[in-house]
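In the numbering used here, each residue carries its 1-based index in the sequence shown increased by 10. Notes follow the structure.
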Amino acid sequence: MSEEHNHNHNHDHDHNHEYITIVDEQGNESLYEILFTFDSEDFEKSYVLVFPAGSGEGEEVELEAFSYKESEGGLEGTLSPIETDEEWDMIEEVLNTFVSEDEDE
11 MSEEHNHNHN HDHDHNHEYI TIVDEQGNES LYEILFTFDS EDFEKSYVLV
61 FPAGSGEGEE VELEAFSYKE SEGGLEGTLS PIETDEEWDM IEEVLNTFVS
111 EDEDE
């Protein structure tokens, strides 16, 4: 059984918006806005943090994180759930750095 980690974060919409459509196991499509992406040399993976598109400015949103692998051409890719506590710890550390930098602007 997979472990689910959700994070809440107040997010201001003052940057360029990038979106991703995520298809769940039942084939339902949901539109998410990309908060940011990053690469981890330790885990040799790329990661994306997203939240539901259409969230109001300053509204508390639920973040979701995935590892991803881009397909040829870069317009599509495969998202995978985060599988280990070590990965979650690393993602939370990157998120905390991102949030503190975002607040300093």
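By construction, the Cβ of each residue, glycine as well, lies at the ideal position given by its N, Cα and C atoms. Remember, predicted model here, so these are calculated numbers, not experimental data.
Inclusion of P62 and Y78 in the CB contact set at 9 angstroms is not warranted, their separation being larger than that value. Sixteen is the threshold: since fewer than 16 other Cβ atoms of the shown chains lie within 10 Å of the Cβ of E35, the residue is exposed. By the 16-neighbour rule on beta-carbons within 10 angstroms, V60 is buried. Secondary structure of I30 (DSSP, three-state): strand. Taking each of N38, D95, L73 and D52 in turn and checking the Cα distance to I44, the smallest one comes out for L73.
The alpha carbon of G87 has as its nearest neighbour, out of F108, F76, N106 and E67, the alpha carbon of F76.
Burial check for V71: the Cβ neighbour count within 10 Å reaches 16 or more, so the residue is buried.
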